[in-house]
Structure formats: structure tokens, C-alpha cells
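Just so you know, our numbering puts 468 at position 446 of the sequence shown, and the rest follows in order with no gaps. Before any comments, here is the structure.
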Amino acid sequence: MRKAPLAFRMLTSMVRFVFYYIISALLIGCGSTSTEDYLFTRLSAEQTNVSFVNQIDDTPHLNGILYEYLYNGAGVAAEDFNADGLLDLYFVSSLGENQLYLNQGNFQFLNVTKKSGTSGGAGLATGVTVVDINADGLPDIYVCKSGKFTDPRYRKNELFLHMGVDEEGVPTFREAAAEFGLDLMNYSTQATFFDYDLDGDLDMFLINHGIRAYTDAEVLHLKEKYEPLQAEQLYENRAGSFHEVSAQAGLIQNGLSYGLGVAVGDFNNDSWPDVLVSHDYSERDHLYLNSGNRTFKEVLRESTGHTSFYSMGNDIADFNNDGLLDFITLDMAAETNYDIKTSMSGMNPKQFEALTENGFHFQYMYNALQLNRGLVDGVPMFSDVAQIAGVASSDWSWSPLFLDADNDGDKDLLVTNGVVRDFRNNDFLRYKEERFNSFFASVKQRTTETLQKARELTHELVSQMPRRPRPNRIYQNLGGIRFKDSEWLPAELTISNGATYADLDNDGDLDLITNDMNSMAGIYQNNGQAGNFITVKLHGDSLNPEAIGSRVTVRTESGLHQMTELYRARGFQSSVSARLHFGLDTAKAVEVRVRWTDGTYSPWLKTEANQELVIEKHEIAEVEAESPVSWLVNESKLLDDRFEHHENEFDDYERESLLPHRLSQNGPALAVADLNADGLDDIFIGGAHGHSGRLLLQNENGGFESLAENVLEQTKDSEDVSAVFADLDGDADLDLYVVSGGNEFGRGSDALADKIYLQLNGNWTLWEGHLFESESGGVVSPCDYDADGDVDLFIGNYQVPGAYPVSPVSYLLKNNSQGGVLEFEVVSLGELGMVTAASWADFDGDGASDLLVAGEWMSPVIFYNRSGTLTQFTASDLDAYTGWWTAVAVGDFDQDGDQDFVLGNNGLNYKYKASAEAPFEVYFNDFDRNGAGDIVLGFHEEGKVYPVRGRECTSNQIPVVKSRFQNYDAFARATLIDVFEEERLANSLHRKVTTFASMYFENTGGEYLARPLPDMAQISSIRSILPYDLNGDGRQDLIVHGNRYESEVETPRNDANYGMVLLSDSRGAFMAQPADLTGLLSAGNVRHGALVRRPQGLSLLYVQNDGPAQLFRIYDQTRNKNDEAF
23 MRKAPLAFRM LTSMVRFVFY YIISALLIGC GSTSTEDYLF TRLSAEQTNV SFVNQIDDTP
83 HLNGILYEYL YNGAGVAAED FNADGLLDLY FVSSLGENQL YLNQGNFQFL NVTKKSGTSG
143 GAGLATGVTV VDINADGLPD IYVCKSGKFT DPRYRKNELF LHMGVDEEGV PTFREAAAEF
203 GLDLMNYSTQ ATFFDYDLDG DLDMFLINHG IRAYTDAEVL HLKEKYEPLQ AEQLYENRAG
263 SFHEVSAQAG LIQNGLSYGL GVAVGDFNND SWPDVLVSHD YSERDHLYLN SGNRTFKEVL
323 RESTGHTSFY SMGNDIADFN NDGLLDFITL DMAAETNYDI KTSMSGMNPK QFEALTENGF
383 HFQYMYNALQ LNRGLVDGVP MFSDVAQIAG VASSDWSWSP LFLDADNDGD KDLLVTNGVV
443 RDFRNNDFLR YKEERFNSFF ASVKQRTTET LQKARELTHE LVSQMPRRPR PNRIYQNLGG
503 IRFKDSEWLP AELTISNGAT YADLDNDGDL DLITNDMNSM AGIYQNNGQA GNFITVKLHG
563 DSLNPEAIGS RVTVRTESGL HQMTELYRAR GFQSSVSARL HFGLDTAKAV EVRVRWTDGT
623 YSPWLKTEAN QELVIEKHEI AEVEAESPVS WLVNESKLLD DRFEHHENEF DDYERESLLP
683 HRLSQNGPAL AVADLNADGL DDIFIGGAHG HSGRLLLQNE NGGFESLAEN VLEQTKDSED
743 VSAVFADLDG DADLDLYVVS GGNEFGRGSD ALADKIYLQL NGNWTLWEGH LFESESGGVV
803 SPCDYDADGD VDLFIGNYQV PGAYPVSPVS YLLKNNSQGG VLEFEVVSLG ELGMVTAASW
863 ADFDGDGASD LLVAGEWMSP VIFYNRSGTL TQFTASDLDA YTGWWTAVAV GDFDQDGDQD
923 FVLGNNGLNY KYKASAEAPF EVYFNDFDRN GAGDIVLGFH EEGKVYPVRG RECTSNQIPV
983 VKSRFQNYDA FARATLIDVF EEERLANSLH RKVTTFASMY FENTGGEYLA RPLPDMAQIS
1043 SIRSILPYDL NGDGRQDLIV HGNRYESEVE TPRNDANYGM VLLSDSRGAF MAQPADLTGL
1103 LSAGNVRHGA LVRRPQGLSL LYVQNDGPAQ LFRIYDQTRN KNDEAF
């Protein structure tokens, strides 16, 4: 049949849209359900005629104890199966008959399952994918199967081949999996179809899963064991017959595979489709980059800092509209204190570290929203921003779907929730173990009778397992990287597994469909009235008529820019329509461009909003590749292993198991100066305990010569955390002061003593004296504060080993040295706090240098310099901001003539939250009265303060807790006062954090106006802040970096920072810049950064804990190569 012209198809689509919108408003609008409070209304079975229920009944032979994945439910698909312009629905039943419902319009559906031949055979069905398997223009249905059956035929996947539409408008199907080689009998979850080799036809990627529990002792063995029935599989389409090519393609196929989510997308913008697989249990998720030669390279550990632990469904989308594909994986992270405490696993740092050291990844029981930051050597780098986005914890979650629910141009996020039985409830697990142990202790030999009794016991126990229905969620995209729980859905308790979205009434907004367990399927009408839209449908080549794998980009005059790729399998076990939906907000016109599956482009097509646009692949446009010039160029390969820091092994948690993070990994120190006056900077990089520091003299070729190796070797027992070059002894050359820190040593230990290395005529010696009692240090900051012509030092000490968060004493070293003879007057500044950062500047404009100090559990403190005497400035505007401050930079950032400052903090992308109204708290006392101090962390929920840590972890440190709270339920209900007693807490050392945000403090003439840095600067800890005018506009910009990898293992580590440039507007506001512009994109546990003069020009150097240094050349030809303006 000849197709109608494009303009005609656009017109008829608009007419159909208007018709259905009017009818829907007349009929559905008259219903009894109020739509005023919710964007979505759940329609009843009486309204829709959809009576599908995925019924799961536990039996002695099949239940959630014998087979946990019984509770995974099944999927749902949306597709116009009878080509009438309305999207139909296909529901998969786990143990019953699948059902096909034809859309009759106005949210009325007709069950045509029997006549269509799509009910499916016996077995346990899981996922569904719609695919035109034979490229005849008719949508087919592929259903996966699994289950613990002795007969493998019950696990045979089914393919329902579309045979056409009969005279009554009913599509008919026949089962044809064997004809295509797809009658697989694995333990399958979901299949996705895409053209992996770009040969024009659709291939298949299949995820499977294991069926038995394994012990910790089996993990490493199973990691190396090939398990074909549960491993990931790739099938190549060869003229309509599918052949497995998993091994040739480089897939990981081991005995730990528990694949629950699969999605396809081009993460590195090379036009080749990549694959994301999310895994339950120990096996890490897999990210396969397509190499373009029929093989994949697995890069997850390289691409991400961490992932979810029990990864469920996933989805891929460009949620922040920056042209790069991001992704999300869901987990089972509870939202409330009670649910967290009753389902929290015990902490085992050694086991956690053993897994990461054996090829697994850093995995945490939270949702992970992975923001694509750009490419390093062709590999995409991701930052998990789930915490700052507000989507990290959504309870027992299954399906994530990105969709623009309100048509504002930003992709929102649907999450389905709930599980029939909570088999992770700690009290139930204890009870189950006790009952089983008692039963098996009474069994003398295995007989048919005892086997039957075991089944009866199991069935009884299942009935006592707690239920856990939960509301589904839609998180509204607020722009950037922020979402909020929208309350767009009724807060109904459901058990929703698979889900899809579709414009069921063709009114221009997306409706929602869920496959619910043990209740009617959910059909949610979108009541939205605002926001324009465009729907795009593609016609591709003959072997791929739906153009699966194509990328569609839309843009409007207002600057709205969106991109979506066409793949059917999304979320969890479900399939979406091939119609791509874009919300346009208020835009009335739009431009659309397609990058087709083969990498060719259509020209930009300008059209009106509010219609379905059909685009055929006929006109191809030339698109020039963009080659932006970055401000920074990575030259880290020029650095050798002398620039690499190696951390020693020390278990902080063995002594203090409730620490929020390790205290022993704050190195290395970094100091930069021109030691020999040749115009090139030389470098000191500190060592960890057992590793000496390196003093490196730069030559005219940019290479480095090692100095003073024997001298530095003498002090390798120390942990170097901060350092500075300065003329300490008054002999006109630069010496080196190094602060010693760490948590391995006791107070007063020689290893904690700071070190002074004196230079005389190029020779270095270690000064043998001691200035004050050794503390675990934090920072050294030099300044001639008394204006007598020499360099004085502020020494900020960080912590008292074994007594976190007790404050050590910090000191001012007043320099009285002359002629090479070192002499300091030591002035105690008292217990300022856990000091980590300090800087000198004239904050009050009197010509004298004042001192700014910040640290952990501290508010910023300013000491005004009054004729050489430091006087602490008391200001409520600073006292209100207690944080975990880690870095400082001072400058006149608003160009008003006075000194402002910026403080780096832990960031807002962290498990712990804090505000003035609900601070994050710590108490220190000997709670178990054993003579050693203990810490307790507390957080706020609904006006009460609860312990952060669970019953298991808390009782490891404070054993009395377990005896006082006999079960997890009791501990979960207990506040901090209930657990540790009000009087005991009142007599404890008590500190609070009111903000974890990194902040800019504007000097307004003696008072300070605090403003948080942009969201992108809050995605991790900031440990280095360098003011520098990077774009040459005369304003002081900020180059920031830092992370915190050393978080305790229940808390996702802070690893999202790859470095960032914040451009200043000269009014105190900063704007985060993308990595493709700045060129700054480097992972690492960065501690310090510095600008370094090199023969080629100015460079940026970062040192990181337990890793190599990073070097970036500043690409700016307008500046002198020996620029001294920094």
C-alpha cells in the first residue's frame, strides 16, 4: 500500500488527537473520582474493563522461601496491535494466562486473549518485549519464562508471531519461538532486541538469573564458573534465525548472574548501541560498550564509582537534557527509620573490601542515578547523584521509567513498589532460622514423611512473613539534577512490578499502566492540562521497520533541547510503545532530527506542536562532528610512579566500629614552590605510613629529579597530610614543613610529630626538635601575621586517635628564627575543633592578616589580627553553619574590595542529611562503661532523633544494646534517648552539623552572607578549591575537586566528583561548566590541588589518596607561560 504524504499524516494525527481529547473530557471527566488532587487518577476495572490480576498464592511446593523470585511478578507491554491508532495492552501473568486488551477508546478495553491466541502456556512467565521479529510491519510478542521446575519445558520462552488482523479488528498470533531459534529454556527475566552489529536486522540480548541461594564462601568460585542457564546471552540474527554469540562477544557468564534489568543505549555517542545489565546479589552490574566489531568491552568499574547492591530494574535516558545518556538502577532501600532498622544487614567491612579487591564493585543498597559526565578515552564516566536528586530511597522498588509526565520538557521518574512478603525482615529471618534449626535437629533421617513436614513448615513460615505493599512514586524533574516526590499518584498501597507508559487516549500526555500482584492491574489516567507535546513515530529500513536504535532530538526556540533513543524493553520486565513522546512546555513549534540506527542523520524538520509526526528514512543530511577546544588538557601520562600515593592498610573500624568514615586516609600532603628560582615549580608529595614522601625538582624539560630521598626515608613511619614550603629558618631559601596525621598511632606518638626539613645550599636535613605534644594533624597555613618579616605558621590539628570527635589542641607557631637557626614560640589556640582547613587574609580591611579556620563538626571561625594578637570573632551568621568542612579558598569574588571565602564541605549527595532544624548529630561517651569512649550518630525523622546505625552494628561497639533490645522491631522503634538514656546523652560530648553544603560566604562589611554553591558542586566532597580566572574575563573562577572514598561500608562513598570549573559572574554567583568545555574529567580520591608552572605553561596538579596524581595543562595562549597571577 502506498503511504500518505507526510503533511496529510500530520494533519490526520492532529484531528485524531482533538477528537479523542474531547470525548475523553466528556466521558471520563464525568466520573466520580476527583482529579483535583492528583495528576494521575487510577481507573477502576469497572471503568476500563481491564480485570487482569497477577495472582500469586503460596503453596507448600511453590512459595517465596523456596523460590524468592516468585515475588518478582511480571511485565506489561503497550502497542497498537490492530493498527487502529490506539495503544493496546498486554499483561503477563506469572502463573496464569497472559491477557491482551484492545483499546476501544476513552479508556475502554476489550479482552481478546482467547481469540488472539496470546494466553501462553504453562510455567512461570516474567518479562515481555514487543518486537517486529520478522520485519513484516506487524508487532510480535516475546515472553520470557523461569521458575524452579524439574521439567525444563515449563521454562520455554514464547514468541507470539503476529498473523494479521481479522475482520473484527482482532489481531491474531501463533506461537513460533522454535522457528526463530528463540524457544530457550533458561531462567529468563527479560529480552531486548536491537541491532548490535549494525547489519540492519535486530539481534537479541537475554538476561537470565540463578535459582538457588549461595553462601559467602562460594562467591569467588561461582564468579569463575560458567552457568549457561542463568548467564547473560547474546543472539545474533542471521537471516531470521537467532544464534548465540555470547562468548565471542565477550559477555560475562558466571554462576553469580541474577539479571533483573536490561537496557540499551549509546552512552559514548559513537552510534553503536551499548548494553546495561543490572544484577541482584553479589554480582556487580555490567556495562557493555560496543566495540563496533561484534564484541563488547565491559567497563562498569571504570565508568562508575559505585552502584546499587541488589539492582532491580533499570532505565536509560538523558534526564538532564545535556545530550548524554544517563541511567538509573533500583534497589530495596527503605525510606523510614523503622523499615531501615528492621531490614538492615549487618556491617562487615572486611568482607566488603575482599569483594572489591576480587573484581566486584562498590555496591550499596540504594537506588543509583548515574549522571553521564562525558568521555575519557572513549569510556563514559558516571556520577551517582541519587542522593542529591532525592531518589536514592524509594523502598522495595522494581521498575524505573523516565517519562515527561507533565509535558514541561523534563523527564520525570516513575518507580513501582511493593513486595508480597518481606523475606529480608530481620526478625522474621531470626525466627525462620530458629524454627528450621529446631526442625532439622529433630530429624534423624530423611524420609518422605520428614520431607512433607519440611514443606508444611515452610508453608507455615511463609504465612508469617510480613507483607510489604508500598505506594508507587513519581518523582518530578525540577531541572538540573533535582527531583521531588510529586504526590502526583494516589498514595495507595500496592505491589506493582512491571510498568509501562502510553498515551492511551491520544490526548497528548502519557498515562501509566502497572502489573500488580494479587490485585487489579493499575491504569492511571493523566489529568494534565498544561504543556504542549510532539509524538514521533519512525519508519526505518526493511529489516528494521520501526527503526529500533534510532535517536531523536528535538529543540525549541526557548532553548529546550531533548534527546531520546528508541528501544522497547525498559524498566522491569516490560515494554514501551515505539511512539516517542516529548513534552514541549509552552513551545508551539519544534525542530526534530533523527540519527538513524546506522548512524546517518535526517535534516532538521520544523513543525507545529501537539501532533504525531511520522518520519521516514529517505533524506540524509551531512552532520559535521564537533571538536570543541577544552580549557584543560589531561597530561597525567607524563607523570611517573613517584607521583602515586600508596595507602597503608589499617582498619579504623576494628577499634571504633561506629565511625562515619575512616580517619586514617587523609593524605597525601602536597606542597608546590620554586625551590631554585628557575621559574619552574617543584613539588613535594607526602607518603602514607610506611612510605616516604617525594621531593621533586623540576627541570627545563618538564621532568623531575628526586631530592633528599635518604632524609625523607627517615620519616616514613609518619602519615603526611599537609605541607608547605617556606623560609622557616631565615636563611633566604625555602624549607619544608610537613604535618603528620593518621589514626594508627596513639596521642603523643613520634609518628604523629610534625616534620621540618631544612634546606641549606640545596642540601636537606631533618630538624630533630619537637615543638608541641604530637597530635593527629590536619593542616598547616603560613603567614607573617605579626609583620616582622618572617613566616609564622598556623597548625590546625584534626583528631585525637581513638576518641572521635574529641578536639585536639591547635597552635600558632610564631617564628623567631634568624640566620639559619630555627626558633618558634608556640602559642596554644586551644581546642578549636577537628581542624581540616585554614587560610590567612585581611577580612576586616585593617591591613593585617586575619585567620580563618574550619573543620569537621565545626562552624567557620575567624581570628582577627589586632597588632599581632589573634582575637576570635564571634558571629552568629558563621556560627549557624556547622559542617564537615574540608577546604577553603579566599578572594574578592564579588569584586567589591573585601575578602570573601568559599568552604568545601561533604556535599549534599550523601546518605546523611542536615539542616538547622534537623541537624546531623554525634555523641561521645563511655556508653557501655568499659573504660573506652564510644560514638553514636543520630539523625532526625518527624521531630525525633534516632540512631543512624542498626541494632547489629551498634551492638558490636556497645554490646549492652542487644540485651536491652531483644529484637529488631524494638530497636527500630527506639529513639536515641530510648537507646542511650537521656541523662547519659546529656553528659556526653555533643556536636551537630547543620549543613553539608559547600558554600560561598560573602563579606558584607563584617557580616557574612552564606550561599550554597551550585548543585553540581554539591555532588561530592570538595577537598581542593583553586581560585583562577580560567576563561580570561577578569573574574576569579573556582576549580574544585575532591571525594571521600573512605565512608563506612553502609554508606555509599562520595565518589561523584571528577573535578569541576565554576565560572564567576563577579557578583558572588558561580556557574558549573560541563566537562566537554573545561576538559576537567578525572576520577580519584583527590586530597589537594595546586597550580604548577611548567616549561609548557601553567598546569593543574591533583594528588589523591591511594592513587596516581593527575596533571592538566591549562590551554590558554593569551597568558604568559610563567604566569604568576595565581
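Where is the CB? At the ideal position from N, CA and C, for every residue including glycine. No experiment lies behind these values; they were computed from the predicted model shown.
Mind checking residue i: buried by the 16 CB within 10 Å criterion, or exposed?
{"i": "Val733", "result": "buried"}
{"i": "Gln1126", "result": "buried"}
{"i": "Val924", "result": "buried"}
{"i": "Gly400", "result": "exposed"}
{"i": "Leu1133", "result": "buried"}
{"i": "His308", "result": "buried"}
{"i": "Tyr1124", "result": "buried"}
{"i": "Gly725", "result": "exposed"}
{"i": "Ile637", "result": "buried"}
{"i": "Ile410", "result": "buried"}
{"i": "Asp223", "result": "buried"}
{"i": "Ser881", "result": "buried"}
{"i": "Ser35", "result": "In this prediction, Ser35 scores a pLDDT of 43, lower than 50, which makes its location untrustworthy; no coordinate-derived value is stated."}
Please identify the residue among the options whose C-alpha is closest to the C-alpha of residue i.
{"i": "Lys610", "options": "Val576, Ser977, Gly345 and Ala1131", "result": "Val576"}
{"i": "Gln373", "options": "Leu1133, Asp662, Leu347 and Val241", "result": "Val241"}
{"i": "Leu273", "options": "Asn1076, Ser798, Asp288 and Leu322", "result": "Leu322"}
{"i": "Val746", "options": "Glu790, Leu788 and Val801", "result": "Val801"}
{"i": "Gly1054", "options": "Val1071, Leu1085, Glu1005 and Thr1026", "result": "Leu1085"}
{"i": "Asn179", "options": "Gly143, Asn1107, Cys805 and Gly926", "result": "Gly143"}
{"i": "Ser1010", "options": "Val958, Gly1027, Gly1028 and Ile817", "result": "Val958"}
{"i": "Tyr360", "options": "Ala1032, Asp991 and Met1038", "result": "Asp991"}
Can you give me the C-alpha to C-alpha distance between residue i and residue j, rounded to a whole angstrom?
{"i": "Asp820", "j": "Ala356", "result": "Sequence check: residue 820 is Tyr here, not Asp. Computed Cα separation, rounded: 34 Å."}
{"i": "Glu579", "j": "Phe195", "result": "46 Å"}
{"i": "Gly605", "j": "Val152", "result": "24 Å"}
{"i": "Gln781", "j": "Arg684", "result": "34 Å"}
{"i": "Glu669", "j": "Pro422", "result": "39 Å"}
{"i": "Pro1096", "j": "Leu815", "result": "38 Å"}
{"i": "Ser572", "j": "Asp296", "result": "13 Å"}
{"i": "Asn494", "j": "Asn439", "result": "5 Å"}
{"i": "Ser367", "j": "Leu220", "result": "45 Å"}
{"i": "Glu101", "j": "Gln69", "result": "21 Å"}
{"i": "Gly568", "j": "Leu602", "result": "Sequence inspection shows Glu at residue 568; the Gly mentioned does not correspond to that position. If I take the Cα positions, the gap works out to 11 Å."}
{"i": "Ser19", "j": "Gln547", "result": "Outside the modelled stretch of the chain, which goes from 23 to 1148, sits residue 19, for which no answer is possible."}
{"i": "Pro193", "j": "Asp162", "result": "10 Å"}
If you drop the 5 nearest sequence neighbours on each side, which residues of the same chain put their C-beta closer than 6 Å to that of residue i?
{"i": "Ser714", "result": "Leu734, Glu735 and Lys738"}
{"i": "Ser679", "result": "Asn978 and Gln979"}
{"i": "Leu719", "result": "Asp704, Glu727 and Leu729"}
{"i": "Tyr93", "result": "Gly86, Val441 and Val442"}
{"i": "Gln252", "result": "Tyr209, Asn230, His231, Gly232 and Ser279"}
Got a sec? Which residues, its chain only, sit under 7 Å from residue i by beta carbon, not counting five neighbours each side?
{"i": "Leu526", "result": "Leu109, Asn125, Phe129 and Asp533"}
{"i": "Thr997", "result": "Lys966, Val967 and Tyr968"}
Residues in the same chain with beta-carbon distance under 8 Å from residue i, minus the five sequence neighbours each way, listed in chain order, please.
{"i": "Lys506", "result": "Gly412, Tyr497, Gln498 and Leu500"}
{"i": "Ala863", "result": "Ser871, Asp872, Leu874, Val912, Gln921 and Phe923"}
{"i": "Asp1087", "result": "Arg1057 and Met1093"}
{"i": "Asp663", "result": "Pro1130"}
If contact is defined by three or more beta carbon pairs under 8 Å, each pair taking one atom from either stretch, is the segment 867 to 875 in contact with the segment 757 to 777?
no
Below 8 Å, can you find three or more Cβ-Cβ pairs linking the segment 751 to 759 to the segment 841 to 854?
yes
Would you check if the segment 694 to 701 and the segment 664 to 684 touch, i.e. whether three or more CB-CB distances between them fall below 8 Å?
no
Determine contact between the segment 330 to 340 and the segment 269 to 288, defined as no fewer than three beta-carbon pairs at a distance below 8 Å.
yes
Would you say the segment 203 to 222 touches the segment 260 to 269, given that touching needs at least three Cβ pairs under 8 Å?
yes
Does the segment 1065 to 1083 come close enough to the segment 1015 to 1030 to have 3 or more Cβ pairs within less than 8 Å?
no
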